[in-house]
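Here's the structure, in structure tokens; my notes come after.
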Amino acid sequence: MTPTNAGTVPRRRPFDPVAFLAVPAIAYLLFVYALPLLWLLVRSVIGPKGFTLEPIASFFADPFNWRVMANTLKIAGLVALVCLLVGYPTAFALAWARGWVQVVLLAAIILPLSIGVVVKAFAWQIVLRRDGIVSSTMVGLGLWDEPVRLLFTETGLVLGAANVFLPFMILPVYSVVKLMDLRLNEAGATLGATPFYRFRRITLPLTLPGVVTGTVFVFSLSVSMFVIPSLLIGDRFQTLATLMGRSFLLMRNEQLGSTTAAVLLVLAVSIVVGSGTLARRLGDNA
Amino acid sequence: MTRLEHSAIWAVWGVAATVVVFLLLPLVVTVAVSFGSSSVFTLPPPDWSLKWYARLATTKGLAPSLVTSVEIAALSTIIALVLGTLCTVALVRGQFASREAISTFLVSPLMLPGLVIGIAMLQAFRELGLRGAWGSLLVAHVVITMPYVVRTVLGALSLFDFALIDAARTLGCSYPQALRRVLVPALAPAFLTSGMFAFLASMDNYPISIFFTDAWTKTLPIQMLQYVEESPDPIIAAVSTCLILLAVLVLFIGDRLVGLSRLADF
Numbered sequence: 028m029t030p031t032n033a034g035t036v037p038r039r040r041p042f043d044p045v046a047f048l049a050v051p052a053i054a055y056l057l058f059v060y061a062l063p064l065l066w067l068l069v070r071s072v073i074g075p076k077g078f079t080l081e082p083i084a085s086f087f088a089d090p091f092n093w094r095v096m097a098n099t100l101k102i103a104g105l106v107a108l109v110c111l112l113v114g115y116p117t118a119f120a121l122a123w124a125r126g127w128v129q130v131v132l133l134a135a136i137i138l139p140l141s142i143g144v145v146v147k148a149f150a151w152q153i154v155l156r157r158d159g160i161v162s163s164t165m166v167g168l169g170l171w172d173e174p175v176r177l178l179f180t181e182t183g184l185v186l187g188a189a190n191v192f193l194p195f196m197i198l199p200v201y202s203v204v205k206l207m208d209l210r211l212n213e214a215g216a217t218l219g220a221t222p223f224y225r226f227r228r229i230t231l232p233l234t235l236p237g238v239v240t241g242t243v244f245v246f247s248l249s250v251s252m253f254v255i256p257s258l259l260i261g262d263r264f265q266t267l268a269t270l271m272g273r274s275f276l277l278m279r280n281e282q283l284g285s286t287t288a289a290v291l292l293v294l295a296v297s298i299v300v301g302s303g304t305l306a307r308r309l310g311d312n313a
Numbered sequence: 054m055t056r057l058e059h060s061a062i063w064a065v066w067g068v069a070a071t072v073v074v075f076l077l078l079p080l081v082v083t084v085a086v087s088f089g090s091s092s093v094f095t096l097p098p099p100d101w102s103l104k105w106y107a108r109l110a111t112t113k114g115l116a117p118s119l120v121t122s123v124e125i126a127a128l129s130t131i132i133a134l135v136l137g138t139l140c141t142v143a144l145v146r147g148q149f150a151s152r153e154a155i156s157t158f159l160v161s162p163l164m165l166p167g168l169v170i171g172i173a174m175l176q177a178f179r180e181l182g183l184r185g186a187w188g189s190l191l192v193a194h195v196v197i198t199m200p201y202v203v204r205t206v207l208g209a210l211s212l213f214d215f216a217l218i219d220a221a222r223t224l225g226c227s228y229p230q231a232l233r234r235v236l237v238p239a240l241a242p243a244f245l246t247s248g249m250f251a252f253l254a255s256m257d258n259y260p261i262s263i264f265f266t267d268a269w270t271k272t273l274p275i276q277m278l279q280y281v282e283e284s285p286d287p288i289i290a291a292v293s294t295c296l297i298l299l300a301v302l303v304l305f306i307g308d309r310l311v312g313l314s315r316l317a318d319f
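In the order they appear, the protein sequences are chains A and B.
Going left to right, the first sequence walks through residues 28 to 313 as this note's numbering numbers them.
Going left to right, the second sequence walks through residues 54 to 319 as this note's numbering numbers them.
Encoded structure:
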């Protein structure tokens, strides 16, 4: 990160005045973002009579909430899996591509990133209808006997979410694939390794850090998504984020909303922190 | 090369081609619907028409929400550019501990659920007595735009050779002059691209904004989603098409400035 300091011997000075430049930004995020989040966590264990685990306990005592958590993790897992299966090969294509092919691939991946989720979820509402493109294509290909409505189904939700989050899988994998030394694979071939063995022993370990980053990105984004499930599956199927949003915005149930928010926050932070540790361990082994 | 490898390579290109279609599908559908005459999203449209665009101007609430969104996005991007750049200078030039942790902290709002950040902010603002919707939106959106600025400017700044500043000073520039004439031009592409993407992120944000809107102050995505839920018709597709056009424009400028592949750096 700091090549300018690369050559110098680290020398601990009492205090570096340049550090003051970082103060406004850090103070801003601390007061507007970090402390409110911390406050949210603290409030979830403080009732009118001081410290209490009662809201958390009653949240976990309700079987409905367990189903909501299972829904959340299941959908996020499926979305991450779909993105991995489709995104991994695409990252290689992106690294191999030259000229206009590369431009088309890059544009197709980056352009959706700069378009809002409301726009895309609205478009998927049209695509997934009974007379939508997916259904008519499948019928046209003879794969389905009759039109099927995918809107308001779990399949539709996974398709739409995978579409929105796919770039977050492709780009991290691409960033490790393009740094890969292609001669390693040739060396493996010269030494008589089969293509499958080379993939398993050379390509896969070298790309694993990108896979971990991408999977964690997609998984945590899917755990937190709110607009996509609201538009593509509706109220019958609740995830932690939609339950939380509904508690605050529709039911005005602040207690349930705060507890759900705390659970979701702990889940999201542990995914990010856990994956950081995992990525570091992978980096050490490589 | 074995047959297995050949078929693997073909499979990779096959998947990549499908992905291009898959990723562009929602955008193409939106544009097609917006230029169609059908009000029930028939595809392909029975006839082409511009009537949805003609109705944009008269759709209630659309213009004010667009103004609010642009104001908030522009101001929060400028604030993030100033605070973020100062901070990245400290991170690249400073000699203090935990610089890695600080940059992770500044980018972390991207990784946490927006809805949770939004409600935490709402509760904190309420305690502090900050009630105005517009002001709250602005304060909140700096948290959205900051990660984009920090990520891109940090990358550009760590490639910058600070000896150039010393050289400019030897040649007679004052320190602020040297910064303005050497550092700012060198970082201009990073400022522009990160600024544009931060602007778009703020324009498109839903989960944080939803907590800070009231009957009079709404941002564009909030107004759009409300419209989709109340009376879905291709007017939303027309608005979306304008937003897609904006994103294409930003991408084009970004490509001219730093190249598409640099935008893909993660």
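Ideal Cβ placement from N, Cα and C applies to all residues, glycine included.
Quick caveat: nothing in here was measured; it's all calculated off a predicted structure.
Cβ-Cβ separation, residue j to residue i (assumed contact under 8 Å), whole Å
i, j, result
"B/LEU236", "B/ILE218", "6 Å"
"B/GLY248", "B/LEU134", "6 Å"
"A/VAL145", "B/THR83", "The Cβ separation is near 11 Å, so there is no contact."
"A/ALA134", "B/LEU299", "A/ALA134 to B/LEU299, Cβ: 15 Å. No contact."
"B/VAL142", "B/LEU210", "7 Å"
"A/THR99", "A/VAL250", "6 Å"
"A/ALA189", "A/VAL106", "5 Å"
"B/SER92", "B/ASP214", "Not quite, the Cβ-Cβ distance comes to about 59 Å (not below 8 Å), so this is no contact."
"A/ALA46", "B/PHE149", "5 Å"
"B/LEU159", "A/LEU56", "6 Å"
Burial state of residue i, where buried means 16 or more other Cβ atoms lie within 10 Å
i, result
"A/TYR115", "buried"
"B/ALA251", "buried"
"B/SER151", "exposed"
"A/LYS76", "exposed"
"B/ALA107", "exposed"
"B/THR157", "exposed"
"A/VAL293", "exposed"
"B/ALA241", "exposed"
"B/ALA64", "exposed"
"A/LEU267", "buried"
"A/PRO63", "buried"
"A/THR221", "exposed"
Chain-order list of residues whose beta-carbon lies under 8 Å from that of residue i (same chain, five-residue window excluded)
i, result
"A/PHE244", "PHE192, PHE195, MET196, PRO199"
"B/LEU103", "PHE88"
Residues near residue i by beta carbon distance below 7 Å, same chain, minus five either side
i, result
"A/SER274", "ASN280, LEU283, GLY284, THR287"
"A/MET271", "GLY284, THR287, ALA288, LEU291"
"A/LEU305", "VAL239"
"A/ILE229", "LEU211, ASN212, GLY215"
"A/VAL185", "ILE102, LEU105, VAL106, VAL109"
"A/VAL161", "VAL154, LEU155, LEU177"
"A/ARG70", "SER285"
Own chain residues within Cβ distance below 6 Å of residue i, not counting five before or after
i, result
"B/MET174", "ALA193"
"A/ALA121", "This sequence places Leu at residue 121 of chain A; Ala is not what is there. Excluding positions up to five away in sequence, the list reads LEU132, TYR201."
"B/ALA69", "none"
Minimum Cβ-Cβ distance from residue i to chain A less than 8 Å
i, result
"B/GLU124", "no"
"B/GLY137", "yes"
"B/ARG146", "yes"
"B/ALA209", "no"
"B/VAL160", "no"
"B/THR55", "yes"
For residue i, the nearest candidate out of the options (CA to CA)
i, options, result
"A/PHE91", "A/VAL290, A/GLN265, A/VAL300, A/THR269", "A/GLN265"
"B/ALA127", "B/GLY67, B/THR198, B/LEU165", "B/THR198"
"B/ASP257", "A/GLN129, A/ILE142, A/LEU112, A/PHE58", "A/ILE142"
"B/THR111", "B/VAL281, B/ARG315, B/LEU304, B/ILE288", "B/ILE288"
"B/GLY114", "B/LEU212, B/GLY185, B/TYR280", "B/TYR280"
"A/ALA84", "A/THR240, A/VAL296, A/VAL72", "A/VAL72"
"B/ARG146", "A/LEU267, A/ALA97, A/PRO44", "A/PRO44"
"B/LEU304", "B/LEU316, B/CYS295, B/SER293, B/THR294", "B/LEU316"
"B/TYR259", "B/LEU224, B/LEU212, B/VAL169", "B/VAL169"
C-beta neighbour in chain B for residue i, strict 8 Å
i, result
"A/TRP151", "yes"
"A/PHE119", "yes"
"A/PRO256", "no"
"A/THR31", "With a pLDDT of 49 at A/THR31, under the threshold of 50, the predicted position of this residue should be treated as unreliable, though the coordinate-derived value follows. By this cut-off, A/THR31 is an interface position."
"A/LYS76", "no"
"A/GLY272", "yes"
"A/ILE83", "no"
"A/PHE253", "yes"
"A/ILE142", "yes"
"A/LEU277", "no"
"A/LYS101", "no"
"A/SER297", "no"
"A/ASN92", "no"
Closer than 7 Å: residue i CB and nearest the ligand ZN heavy atom
i, result
"B/SER247", "Summarising the ligand content, the structure contains no ligands, and the ligand ZN is consequently not present."
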